[in-house]
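Asker:
Numbering (UniProt numbering), first residue to last: 1 to 433.
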């Protein structure tokens, strides 16, 4: 396949944006929601802005955070190899808060409903979630049984040029959802290929006049094999039995200048050619590729930099650990070892039907929606912190010791949480904290 280059529209060789989704080859089931047995946990935690410094107490024994991980730097457009593992199901939900918006318990949560198979379409600005420049997608991957999901963060600097950064980020997520939903193969495709298809489509969309976005995209197969492509400073963290199992590292050209896919309008390209300068336009093939094997009870979090700039990995582990323990999804035995409860599969289930439709389901709770909400709300609270330095402030001070930035960094926040379950089984692996 010839290298694709988007920066100037004259270079495009794509089908018309008005073509049917199958011309791409298309895309996604947005998401719908559910009433759950977790209402007691939801009410007890109240989903209000939490204290960012609350400690995680798995047991009375000493605790350490494991951050050992393995990275793979190669990938093909084919799926992760089949491992012959037990079949897993995935509960997936998103939670989001625009930086200038307040939290609403139904509008700011989105559940992936595996029972719904509705052809996704590109959303108008009025149909977009209230997430600012951040966007997400979650979709069936054709008939493979896999789930595709991702987060995109529009680069806010385009506002100074009169461009809405949300057009690019929401557009590419809509197209990645469409591409995933209509995937015609039998084996899962790589997230890098999904990102590439989405990028080509948004470059050919005449309603997206300009813009840039980071992206992190994952594909989770039924056997637990997960592949993730990460471009820029969005990213992921993989948690297992009370420990950090793996996490991503940001791709940046320089501090606060992440790798990003771009659409550069011809007028801007002409000015750069005449007067000099440069623009950033990174490509999906430059993504960092990692492979992971999920087990029942694992939690995978994808998020925009509104989370990573305001929460350290241990902060996320504390939040997730408290939620998993409070719900009973993780339990602690007499020896202080963490294990997965057999009932976890019931906690992530989304009902097949709801008389009230998506909004009624949004008002209920699943384990994944509670975890996503708590992370989003903690990041929101930390972003307004004025005393405790977050990751962004600490990084800035490392670069410039005279820098007086203190506390958090206000930004849009997007979180996608995936929880793996295996029906009716107790995970044999234990983790002693």
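A virtual CB, placed ideally from N, CA and C, is assigned to each residue, including glycine.
Helix, strand or coil for residue 247? Go by DSSP, reduced to three states.
Answerer: The sequence position of residue 247 within the chain shown is 247, counting from 1. DSSP places residue 247 in strand when its eight states are reduced to three.
Asker: Rounded to a whole number of angstroms, what is the C-alpha to C-alpha distance between residue 415 and residue 135?
Answerer: Within the chain shown, the letter at position 415 stands for residue 415. Within the chain shown, the letter at position 135 stands for residue 135. Going from the Cα of residue 415 to the Cα of residue 135 covers about 9 Å.
Asker: Taking 8 Å as the cut-off, decide whether the C-beta atoms of residue 259 and residue 214 are in contact.
Answerer: As a first step, residue 259 is located in the chain shown; it is residue number 259 there, counting from the start. As a first step, residue 214 is located in the chain shown; it is residue number 214 there, counting from the start. Yes, the pair counts as a contact, with Cβ atoms nearer than the cut-off.
Asker: Measuring alpha carbon to alpha carbon, tell me which residue in 413, 166, 254 is nearest residue 207.
Answerer: As a position in the chain shown, residue 207 is number 207, starting the count at 1. Checking every option, the nearest Cα to that of residue 207 belongs to 166.
Asker: So, using beta-carbon positions, are residue 95 and residue 383 closer together than 8 Å?
Answerer: Sequence index remark: in the chain shown, residue 95 carries index 95 (1-based). Sequence index remark: in the chain shown, residue 383 carries index 383 (1-based). Cβ atoms of residue 95 and residue 383: not closer than 8 Å.
Asker: Helix, strand or coil: which one does DSSP assign to residue 263?
Answerer: On the chain shown, position 263 is the one that residue 263 refers to. In this structure, residue 263 counts as strand in the three-state DSSP scheme.
Asker: Can you have a look at residue 321 and say buried or exposed, based on whether 16 or more other CB atoms are within 10 angstroms of its CB?
Answerer: The sequence position of residue 321 within the chain shown is 321, counting from 1. Label assigned to residue 321: buried.
Asker: Going along the chain, which residues of its own chain have a beta-carbon closer than 8 Å to the beta-carbon of residue 393, five neighbours each way excluded?
Answerer: Start at 1 with the first residue of the chain shown, and residue 393 comes out as number 393. So the qualifying residues of the chain are 405, 406, 407, 408, 409.
Asker: Comparing C-alpha positions only, which one of 380, 390, 399, 395 sits nearest to residue 101?
Answerer: Along the chain shown, one-based indexing puts residue 101 at 101. For the residues 380, 390, 399, 395, the minimum Cα distance to residue 101 belongs to 380.
Asker: Among 241, 331, 157, which residue has its Cα nearest to the Cα of residue 257?
Answerer: Locating residue 257 in the chain shown gives position 257, counting from the first residue. It is 157.
Asker: Just list the residues that DSSP pairs residue 240 with in beta bridges.
Answerer: As a working mapping, residue 240 is identified with position 240 in the chain shown. BP columns for residue 240 point to 243.
Asker: Do residue 348 and residue 419 have their C-beta atoms closer together than 8 Å?
Answerer: Within the chain shown, the letter at position 348 stands for residue 348. Within the chain shown, the letter at position 419 stands for residue 419. In contact: residue 348 and residue 419 (Cβ atoms closer than 8 Å).
Asker: Contact defined as beta carbons within less than 8 Å: I believe residue 192 pairs with residue 179. What is the distance between those atoms, to the nearest angstrom?
Answerer: Residue numbering aside, residue 192 sits at position 192 when the chain shown is read from its first letter. Residue numbering aside, residue 179 sits at position 179 when the chain shown is read from its first letter. About 12 Å; that fails the 8 Å criterion.
Asker: Taking buried to mean at least 16 other C-beta atoms within 10 Å of its own C-beta, is residue 125 buried or exposed?
Answerer: For the purposes of this step, residue 125 is taken as the residue at position 125 of the chain shown. With fewer than 16 other Cβ atoms within 10 Å, it is exposed.
Asker: Give the range of the beta strand (DSSP E) segment to which residue 331 is assigned.
Answerer: Sequence index remark: in the chain shown, residue 331 carries index 331 (1-based). Element bounds for residue 331: 330–332.
Asker: Quick one: using the 10 Å Cβ neighbour count with 16 as the cut-off for buried, is residue 248 buried or exposed?
Answerer: Here residue 248 refers to the residue found at position 248 of the chain shown. Result: buried.
Asker: Assuming residue 91 and residue 366 form a contact by the criterion Cβ under 8 Å, report the distance between their Cβ atoms to the nearest whole angstrom.
Answerer: As a first step, residue 91 must be located in the chain shown, where it is residue number 91. As a first step, residue 366 must be located in the chain shown, where it is residue number 366. Indeed, because the Cβ distance is near 6 Å, the residues count as touching under 8 Å.
Asker: Could you check how far apart the C-beta atoms of residue 105 and residue 142 are, in whole angstroms? I think they sit under 8 Å.
Answerer: Mapped onto the chain shown, residue 105 falls at position 105. Mapped onto the chain shown, residue 142 falls at position 142. Not quite, the Cβ-Cβ distance comes to about 33 Å (not below 8 Å), so this is no contact.
Asker: Under 8 Å between the Cβ atoms of residue 145 and residue 222?
Answerer: Counted from its first residue, the chain shown places residue 145 at position 145. Counted from its first residue, the chain shown places residue 222 at position 222. Yes, Cβ-Cβ distance for residue 145 and residue 222 is below 8 Å.
Asker: Does the beta-carbon of residue 168 have 16 or more other beta-carbons within 10 angstroms, so that it is buried, or is it exposed?
Answerer: Taking the first residue of the chain shown as position 1, residue 168 is located at position 168. Residue 168 comes out buried.
Asker: Note down the Cα distance separating residue 122 from residue 170, rounded to an integer number of angstroms.
Answerer: Taking the first residue of the chain shown as 1, we reach residue 122 at position 122. Taking the first residue of the chain shown as 1, we reach residue 170 at position 170. For residue 122 and residue 170, the distance between alpha carbons rounds to 9 Å.
Asker: Kindly give me the distance between the Cβ atoms of residue 237 and residue 313, rounded to whole angstroms, as I take these residues to be in contact under 8 Å.
Answerer: Here residue 237 refers to the residue found at position 237 of the chain shown. Here residue 313 refers to the residue found at position 313 of the chain shown. With a Cβ gap of about 6 Å, residue 237 and residue 313 count as contacting.
Asker: Given residue 103, which residues of its chain have a CB within under 6 Å of its CB, disregarding the five upstream and five downstream residues?
Answerer: To locate residue 103, count along the chain shown from 1; it is residue 103. Counting only Cβ-Cβ distances below 6 Å, and skipping sequence neighbours, we find 97.
Asker: Under the rule that 16 or more other beta-carbon atoms within 10 Å means buried, what is residue 200, buried or exposed?
Answerer: For the purposes of this step, residue 200 is identified with residue 200 of the chain shown, where counting begins at 1. By the 10 Å Cβ count, residue 200 comes out buried.
Asker: Below 8 Å on the Cβ atoms is my contact criterion, and I expect residue 234 with residue 305 to pass it. Report the Cβ-Cβ distance as a whole number of Å.
Answerer: Along the chain shown, one-based indexing puts residue 234 at 234. Along the chain shown, one-based indexing puts residue 305 at 305. Residue 234 to residue 305, Cβ: 6 Å. Contact.
Asker: Indicate the three-state DSSP secondary structure (helix, strand or coil) for residue 94 in the structure shown.
Answerer: Counted from its first residue, the chain shown places residue 94 at position 94. In the structure shown, residue 94 sits in a strand (DSSP, three-state: E or B).
Asker: CA-CA distance, residue 132 and residue 108?
Answerer: In the chain shown, residue 132 corresponds to position 132, counting from 1. In the chain shown, residue 108 corresponds to position 108, counting from 1. Their backbone Cα atoms lie some 11 Å apart in a straight line.
Asker: Taking C-alpha atoms, which residue in 334, 324, 350 lies nearest to residue 340?
Answerer: Numbered from 1 along the chain shown, position 340 holds the residue referred to as residue 340. The shortest Cα separation from residue 340 among 334, 324, 350 belongs to 324.
Asker: Tell me, which residues are paired with residue 396 by DSSP?
Answerer: Residue mapping note: residue 396 aligns to position 396 of the chain shown, counting from 1. Answer is none; residue 396 lacks a bridge partner.
Asker: Terminal residues of the continuous beta strand (DSSP E) containing residue 214?
Answerer: If you number the chain shown from 1, residue 214 lands on position 214. Unbroken beta strand (DSSP E) run through residue 214: 211–220.
Asker: Cα-Cα, which of 209, 344, 309 is closest to residue 326?
Answerer: Taking the first residue of the chain shown as 1, we reach residue 326 at position 326. Closest by alpha carbon: 344.
Asker: By DSSP, does residue 196 sit in helix, in strand, or in coil?
Answerer: Numbered from its first residue, the chain shown carries residue 196 at position 196. Helix, per DSSP.
Asker: Quick one: is residue 220 buried, meaning 16 or more other Cβ sit within 10 Å of its Cβ, or exposed?
Answerer: Working through the chain shown from its first residue, we reach residue 220 at position 220. Residue 220 comes out buried.
Asker: Assuming residue 262 and residue 281 form a contact by the criterion Cβ under 8 Å, report the distance between their Cβ atoms to the nearest whole angstrom.
Answerer: On the chain shown, residue 262 is found 262 positions in, with the first residue counted as 1. On the chain shown, residue 281 is found 281 positions in, with the first residue counted as 1. Sure, about 4 Å apart at Cβ, within 8 Å.
Asker: Taking Cβ to Cβ, would you say residue 239 is nearer than 8 Å to residue 159?
Answerer: Here residue 239 refers to the residue found at position 239 when the chain shown is read from its first residue. Here residue 159 refers to the residue found at position 159 when the chain shown is read from its first residue. No, the Cβ-Cβ distance between residue 239 and residue 159 is not below 8 Å.
Asker: Is residue 155 near residue 212, with beta carbons less than 8 Å apart?
Answerer: Looking up residue 155 in the chain shown gives position 155. Looking up residue 212 in the chain shown gives position 212. The answer is yes: Cβ separation under 8 Å.
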